[in-house]
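Here is the structure we will look at.
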Amino acid sequence: MKKYGLIGQPITHSKSPALFHAAYGGRFSYNLIEAADFRTSYRTFLDSYDGINVTAPYKGEACAAADELDHTCIITGAANCLVKKENGSVKACNTDVDGVRASLREHYGLSLRSSRNTPKCGTGKTALVVGCGGAGKAAAFAAVLEEFQLILLNRTALKAEVYARKLMTMGKTPVGTAEGAGLEAFGKMVEKADVLIWTLPVPIPALDGLTEQVPERLELVLEANYRDPVFSTDPLARKMKEAGITVIPGEKWLLHQGAAAYRIFTGEKPDIEAMAEVL
Numbered sequence: 018m019k020k021y022g023l024i025g026q027p028i029t030h031s032k033s034p035a036l037f038h039a040a041y042g043g044r045f046s047y048n049l050i051e052a053a054d055f056r057t058s059y060r061t062f063l064d065s066y067d068g069i070n071v072t073a074p075y076k077g078e079a080c081a082a083a084d085e086l087d088h089t090c091i092i093t094g095a096a097n098c099l100v101k102k103e104n105g106s107v108k109a110c111n112t113d114v115d116g117v118r119a120s121l122r123e124h125y126g127l128s129l130r131s132s133r134n135t136p137k138c139g140t141g142k143t144a145l146v147v148g149c150g151g152a153g154k155a156a157a158f159a160a161v162l163e164e165f166q167l168i169l170l171n172r173t174a175l176k177a178e179v180y181a182r183k184l185m186t187m188g189k190t191p192v193g194t195a196e197g198a199g200l201e202a203f204g205k206m207v208e209k210a211d212v213l214i215w216t217l218p219v220p221i222p223a224l225d226g227l228t229e230q231v232p233e234r235l236e237l238v239l240e241a242n243y244r245d246p247v248f249s250t251d252p253l254a255r256k257m258k259e260a261g262i263t264v265i266p267g268e269k270w271l272l273h274q275g276a277a278a279y280r281i282f283t284g285e286k287p288d289i290e291a292m293a294e295v296l
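Set out below in C-alpha cells:
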C-alpha cells in the first residue's frame, strides 16, 4: 500500500488525515509526520512515504528541497505537495493556487477545470489580497490567472510591490495589472475591490472600518484561515451578512487544495463530496 502524509509544525489539529481517508474510502495510508525540524520530516518522507502535504512553516524549505518544481512553485516560491516520481526524484507543487481558483470559480458558477480557452471569473473585476506570505502569494497568483486586476497588501510594502511586479513579468503575460502596497492602504484599496482575499492569521485595526461601512463594490470575501477565521466572528460576520456579501470560509480553500494534491498523489479523482462532509 502506498503511504502519504503531512509535515509541518504543529499539525496535531490537522483535518488532512480525515479528508484523505474520506477522499478514497480509506484505501490509502495517511499519517501526520511531526518532527522538530524540516530536515527530519523530509528524511522520513524520503525513507518511507510516496507523497506528502506540507504546511507551515515548511513550505519554503519544501520548495527548495525538491528536484523538480511545477509552475506554481516557481512563481510562489512555496510548495505544499511533494510526490516521488518513478525515477525516485521529488516533484513539488503548490495546490493552494488550485484551492483559491476552484473556490472562486465555484462561487461564480464556472467549471472548476480552467484552461486557456475557458472563461475566467475575474474578468472586469478587482481582487484585493491581504498578506504576502505563502498563502497570500498563492492567492495573488491565482487571482492573476483568473484575470482579476490585483492589489496586494502586506505589512512590508516592498515585499508586496516586488511580488506584484514578478506576477506581471511571468512568461505568459497576464491580463490586467498588479500593484503592491502596505497594510495602511487597506481602507483606500478595499473601496476598489470586488473580491477580498484575506490571508493574514489575525485581524488588523483597519478592518474596523468594514464594521461601520462596507464598500458598495465589494461582493465576496475568501479567507485562508479555517481554525480561527476573522470573518466568521461578530461584528464582521454580522456586517457582511447585512450587506449581502458572500464569505467563503477557509474550509473551502482547504477542501479544494486537498483534492488537487490527492489527485497528484494517486492519479485518481478523490470523492470531493465525501471530503466536504468531513469539514
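In the working numbering, the protein residues as written are 18 to 296. Virtual Cβ for every residue (Gly too), placed ideally from N, Cα, C.
Per DSSP, the continuous alpha helix (DSSP H) segment holding V295 begins and ends at I289 to V295. Around P220, the same chain offers V247 as residues with beta carbons nearer than 6 Å, after the five sequence neighbours per side are excluded. Exposed is the label assigned to S106, since fewer than 16 other Cβ atoms lie within 10 Å of its Cβ. The shortest C-alpha to C-alpha distance from I69 to any of T89, E103, I24 and E51 is the one to I24. Distance from the CA of K154 to the CA of E85, rounded to the nearest whole angstrom, comes to 20 Å.
Beta-carbon to beta-carbon, A278 and T112 are separated by about 5 Å, close enough to satisfy the 8 Å threshold. One thing to note: F203 has its Cβ no nearer than 8 Å to the Cβ of L175.
Under DSSP, L169 forms a beta bridge with V146 and G197.
Shown here, Y41 sits in a helix according to DSSP, grouped into three states.
Runs of the alpha helix (DSSP H) spanning 4 or more residues and lying entirely within the stretch 221–295 occur at 225–229, 253–259, 267–283 and 289–295, in chain order. Under the three-state reduction of DSSP output, V207 falls in the helix class. One thing to note: L227 has its Cβ within 8 Å of the Cβ of K256. Pairing A198 with A177 gives a Cβ-Cβ distance under 8 Å.
Note on G148: 16 or more other CB atoms within 10 angstroms of its CB, so buried under the neighbour-count rule. With a cutoff of 8 Å on beta-carbon distance, V71 and N97 are scored as near each other. When the five nearest sequence neighbours on each side are left out, the beta carbons in the same chain lying within less than 7 Å of the beta carbon of Y21 are those of F37, F45, S46, Y47, Y66, D67, G68, I69 and F282, in order along the chain. For the stretch 46–79, the full-length beta strand (DSSP E) segments reaching 3 residues or more read 46–50 and 68–71 along the chain. About 6 Å separates the Cβ atoms of L272 and A293, confirming a contact at the 8 Å cut-off. The C-beta separation of V146 from L129 comes to about 20 Å, leaving the pair out of contact by the 8 Å criterion. Note: V100 is bridge-paired with G68 and K108 in the DSSP secondary-structure output. Within a 10 Å sphere around the beta-carbon of D115 sit 16 or more other beta-carbons, which makes this residue buried. Less than 8 Å divides the Cβ of E196 from the Cβ of A181. Of the other Cβ atoms in all chains shown, fewer than 16 fall within 10 Å of the Cβ of I91; this residue is therefore exposed.
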